[in-house]
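All remarks here apply to the structure that follows.
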Amino acid sequence: MITLRTLIWFAIAAVAMLAAVWLAEQPGSVTAEFRGWRLDTSVGVLMVGVAVLILLGIGGWLLYRWIMGAPGALMEGWFDSRRRRGYRALTQGLAAVAAGDGAEAQKLARKAEKLLAEPSLTLLLSAQAAQLAGDRDAATRAFNAMLENEQMAFLGLRGLITQALRDGDQAKALAYAERAFQLRPQTPWVVHSLFDMQAQIGQWKAAQDTLDAGLRRKVVTADKGRTLKALLLVERSRAAERDRHSADALVLAREAFSLAPERIAVTQRFAELQIKADDGKRAMKTLERGWALAPHPDLATLYLKASGETDPLKRVGVIRRLAAQKPDDIESNLALAQASLDAGLWGEARRYLEGAGGTNPSMRVCRLMAEVEERAHGDQAKVHDWLARATNAPADRSWRCSACGAHHESWRSVCASCGAFGTLQWRAPGTFGQVLPPEARAELEFAGGATK
Ligand SMILES: [Zn+2]
């Protein structure tokens, strides 16, 4: 190849030389005069001279271009290597986050930030690294900086919500959650978090609007939405009653009952207001329906109140009607035992308690048995026996949170322990198949799980 190219160059040079000689030998002369200078030459030499001048000009121009372009190319190379180093720092930083090395991640994040000058790429790493290292201020700064960037704003809000919740600043968390909801109302954790926050501070109507939006976008299942809405209506009914709008309170309670009669609190609320409106008959119907789905001692108490019956013996008959709605349930047996005990029917009370307790009577059954023995025969030995048994007996049903398992004396819509809404259920311990935290909490924990 080289010899071929050399040959071609050699040929071109030979042709050029021959052409120059030929031109120089051509006849004809040129004379130029300039301010006393005089030039005599042939046309051929002049033409060769002009050609050489043109070639020199082209050579000079190329040289000039090369000199001027060199710094640009150098700069470009420098920026290229800078960007490469920046991306390397970013990648290594992400790896450090994944490995849980907060300090190293923060160092690399700062390096990437300096080298890349690309906030949308480096902010997330900076925020995560700061969270991992427990540097709250740096994390907050990074999250706030994300708010400036359209694509990052949502992620920034997520981080800020987690931070605010951890600080116990509910108002701030709510404001951020509302902003996140404006940006992406279809994202499950946004809907769940906003709903929980609104419920926690008693903004029942706002929570209901959030729930409706979640239902429309299928973020909340229809069945869960129905129950949650019923419980929100219970709270709104309570609020209306406090504000002395008793008609509204009844309307809201009725709507709640039409949605979720299987929730004890719903049945209880509706029956209470029916009794207050002097409609004992309807209250009894409500309670019978509720008892068939979910019996509870409070419903039995309300049922007796709704009946207006004061004679102890007749009250046993009243409870019998209620218990008939769910005859084999422990609550039915216990309600009958209590009514029998109140009427002095010891034998019946014992029979119902045996029905309620089976082979392994619960604490409540043991205590009532002790009471029966005490009041019927005053048999102290047997009383002591039952009370001793009660201490080791299996726990009874009580209000337990299905999200965190916390125990509560009475029903409330928001769990005092974990803040979840609508999770308190009348259950014996260990009867929730598994503890299912609300989706929102799980996701939020995941988002900010790094810092504890
Ligand atoms: Zn809870």
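So the sequence shown is numbered by our numbering: it starts at 15 and just counts up by one. We put the beta carbon where it would ideally sit given N, CA and C, even for glycine.
For ligand 1, is there a heavy atom less than 7 angstroms away from the beta-carbon of residue i?
i: Ser424; result: no
i: Ala417; result: yes
i: Thr437; result: yes
i: Ala434; result: yes
i: Ala420; result: yes
Taking DSSP as the reference, what is the three-state secondary structure of residue i?
i: Gln439; result: strand
i: Ala461; result: Low local confidence applies: a pLDDT of 40 at Ala461 is under 50, so the model's placement there is unreliable, and no value is given.
i: Glu385; result: helix
i: His206; result: helix
i: Glu47; result: strand
i: His398; result: helix
i: Val35; result: helix
i: Leu67; result: helix
i: Thr20; result: helix
i: Ser376; result: coil
i: Thr224; result: helix
i: Val29; result: helix
i: Arg426; result: coil
i: Ser467; result: As displayed, the chain neither begins before 15 nor continues past 466, which places residue 467 out of reach and without an answer.
i: Leu53; result: strand
i: Gly447; result: Summary for Gly447: the model assigns pLDDT 48, below 50, so the residue's position carries little reliability; its value from the coordinates is reported in the next sentence. Reduced to three states, the DSSP call for Gly447 is coil.
i: Gly107; result: helix
Quick one: measure Cβ to Cβ for residue i and residue j, integer angstroms, because I've assumed they're closer than 8 angstroms.
i: Ala436; j: Thr241; result: Per the sequence shown, residue 436 should be read as Gly rather than Ala. With 8 angstroms as the limit, Gly436 and Thr241 qualify as a contact, their Cβ atoms being about 6 angstroms apart.
i: Val248; j: Val280; result: 6 angstroms
i: Leu246; j: Gln222; result: 5 angstroms
i: Ala363; j: Ala351; result: 5 angstroms
i: Glu269; j: His310; result: In fact, because the Cβ distance is near 21 angstroms, the residues do not count as touching under 8 angstroms.
i: Ala167; j: Met160; result: 6 angstroms
i: Met211; j: Ala187; result: 6 angstroms
i: Ala34; j: Val57; result: Not quite, the Cβ-Cβ distance comes to about 13 angstroms (not below 8 angstroms), so this is no contact.
i: Arg180; j: Ala194; result: Not quite, the Cβ-Cβ distance comes to about 16 angstroms (not below 8 angstroms), so this is no contact.
i: Arg250; j: Pro275; result: Going by Cβ atoms, the distance from Arg250 to Pro275 rounds to 17 angstroms, so no, they are not a contact pair.
i: Ala409; j: Met377; result: 6 angstroms
i: Asp356; j: Pro326; result: 5 angstroms
i: Lys340; j: Ala370; result: About 13 angstroms; that fails the 8 angstroms criterion.
i: Ile333; j: Trp440; result: About 18 angstroms separates the two Cβ atoms, so there is no contact after all.
i: Gly116; j: Ala147; result: 3 angstroms
Note the first and the last residue of the continuous alpha helix (DSSP H) segment covering residue i.
i: Glu192; result: Gln184 to Leu197
i: Ser140; result: Pro133 to Leu146
i: Met298; result: Gly294 to Leu307
i: Arg268; result: Ser260 to Leu273
i: Lys125; result: Gly116 to Leu130
i: Lys328; result: Pro326 to Ala337
i: Asn163; result: It is not in any alpha helix (DSSP H) - Asn163 carries neither H nor E in the DSSP assignment.
i: Thr281; result: Ile278 to Lys290
i: Asp237; result: Ala236 to Arg256
i: Leu367; result: Trp360 to Gly371
i: Ile215; result: Careful: Ile215 lies outside any alpha helix (DSSP H) and carries neither H nor E.
i: Asp356; result: Ile344 to Asp356
Considering just the uninterrupted stretch of the beta strand (DSSP E) at residue i, what are its terminal residues?
i: Ser321; result: First-last for Ser321: Pro311 to Ser321, but that is the alpha helix (DSSP H), not the beta strand (DSSP E).
i: Ser412; result: Ser412 to Cys415
Taking 7 angstroms as the cut-off, is the C-beta of residue i nearer than that to any heavy atom in ligand 3?
i: Ser431; result: For the structure depicted, ligand 3 is absent and the ligand set comprises only ligand 1.
Within the chosen definition, does the stretch 413-431 reach the stretch 376-387 through at least 3 CB pairs nearer than 8 angstroms?
-> The stretch 413-431, when compared against the stretch 376-387, does not touch it at the 8 angstroms Cβ threshold.
Do the stretch 137-150 and the stretch 107-117 touch if we need at least three Cβ pairs shorter than 8 angstroms?
-> yes
State whether the stretch 85-93 contacts the stretch 61-76, with contact taken as three or more CB pairs (one from each stretch) at a distance under 8 angstroms.
-> Flag = no, the stretch 85-93 and the stretch 61-76 do not touch.
Inspect the CB distances between the stretch 223-230 and the stretch 255-267 and report whether three or more fall short of 8 angstroms.
-> Short answer: they don't touch.
Does the stretch 318-336 come close enough to the stretch 281-299 to have 3 or more Cβ pairs within less than 8 angstroms?
-> yes
Does the stretch 91-107 come close enough to the stretch 126-141 to have 3 or more Cβ pairs within less than 8 angstroms?
-> Contact holds: three or more Cβ-Cβ distances are below 8 angstroms.
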